[in-house]
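Those letters in the sequence shown? Residues 1 to 250, by this note's numbering.
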Amino acid sequence: MKSAVAVALALLAGAPAAFAQSSTPAAPAACPVAADHVVANGGLDRSRAAVAMGRLTILAMGSSSIEGVGASRPELGFVPRLEAGLERRLPGVEVTVVNKGIGGETAKETADRLAREIEAADPDLVVWQLGTNDMLRDRPMDAVFADFRRGEAVLDRAGVDVLLVDPQRLPEGTTNPSFRGRNPALGEMARLIDLEGGRVGYAVLHRFAAMSDWTGLERGGVGPDDLHLNDPGYACWAEVTAEGLAAALR
1 MKSAVAVALA LLAGAPAAFA QSSTPAAPAA CPVAADHVVA NGGLDRSRAA
51 VAMGRLTILA MGSSSIEGVG ASRPELGFVP RLEAGLERRL PGVEVTVVNK
101 GIGGETAKET ADRLAREIEA ADPDLVVWQL GTNDMLRDRP MDAVFADFRR
151 GEAVLDRAGV DVLLVDPQRL PEGTTNPSFR GRNPALGEMA RLIDLEGGRV
201 GYAVLHRFAA MSDWTGLERG GVGPDDLHLN DPGYACWAEV TAEGLAAALR
């Protein structure tokens, strides 16, 4: 008769995927997960080749939503959830997502450090989340996209694929005067990022548009500070990204 320890070890050996999924839950039922929020724009060739070889490395750059501010535990932020979501959808592929988000960062600071972060991580794909802090700080659009083009030059020299992530939505009913009425500017930034992605052949994740469908989530996926995502918001964003990106990479 097997001992209880032996039985437990056998169960662990036979069902690794189930245990991995339990530590990183999928998106809430109220989150609509669809692949069409990611537009490839003719890019992602290097990442497809990496998937075919069984190993994909992603460098995630941007501000607090990449860093994971607002998540109740680090493993419930965007980056760990994206990694788990891609591995579920790309069986047999080892996915590594390197988190280099820094809270409060604008496109300028990201462009300033892109070269050294790419050199350190040696990624196939760079996820660049941009625009939210630029708009909240009232930076001129011309300045933001001048910084973007500096980053574009670094990315192109490195020969990496790129997925741009546009701004988040803010709760319409916010009482914070710094955030009230900001969604039109954030939406315009999202529109311009989409145009830039098409111009240079970078994939784009339409996060701003996706969040309009999150009405079933608590506070629309945004935490009590009316800025940073909560756990359901991170779960939804990661699953939407993984769904669209995996479909583009298969």
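The C-beta atom is built at its ideal place from N, Cα and C for all residues, glycine as well.
Within the same chain, Cβ atoms closer than 6 Å to the Cβ of Arg55 are found at Glu94, the five residues on either side in sequence being excluded.
The DSSP-derived three-state label of Glu94 is strand.
Leu205 is bridged by DSSP to Val38, Val165. Membership of Ala190 in the alpha helix (DSSP H) is indicated by the continuous run 183-200.
Under the three-pair Cβ rule at 8 Å, the stretch 202-221 counts as touching the stretch 166-182. Note on Thr132: 16 or more other CB atoms within 10 angstroms of its CB, so buried under the neighbour-count rule.
Burial check for Ser63: the Cβ neighbour count within 10 Å reaches 16 or more, so the residue is buried. Three or more Cβ pairs closer than 8 Å define a contact, and the stretch 69-82 meets that threshold against the stretch 236-250. Judged by beta-carbon spacing, Val127 lies within the 8 Å limit of Ile58, meaning their Cβ atoms are closer than that value. In the displayed model, Asn230 falls within coil according to three-state DSSP, outside both helix and strand.
Within the DSSP bridge table, the entry for Gly101 names Gly62 as partners.
Straight-line measurement puts the Cα of Asn41 at about 30 Å from the Cα of Asn230.
Within the DSSP secondary-structure output, Trp128 pairs in a beta bridge with Met61, Leu164.
In the structure shown, Arg55 falls within a strand segment according to DSSP collapsed to helix, strand and coil.
In the three-state scheme derived from DSSP, where H, G and I count as helix and E and B as strand, Val222 is classed as strand. Classified as exposed, Thr175 has fewer than 16 neighbouring CB atoms from the shown chains inside 10 Å of its CB.
Around the beta carbon of Met53, fewer than 16 other beta carbons lie within 10 angstroms, which makes this residue exposed. The C-alpha of Val154 lies about 14 Å from the C-alpha of Leu164. Shown here, Cys31 sits in coil according to DSSP, grouped into three states, outside any helix or strand. Apart from sequence neighbours up to five positions away, the residues of its chain that approach Pro32 with a beta-carbon distance below 7 Å are Asp213, ordered along the chain. Each residue's CA atom was taken as its position, placing Pro177 and Leu186 some 16 Å apart.
The Cβ atoms of Met141 and Arg182 lie no closer than 8 Å to each other. Taking the CA atoms as reference points, Pro224 sits about 23 Å from Thr106. Annotated as proximal: Gly85 and Ala242, with beta-carbon spacing under 8 Å.
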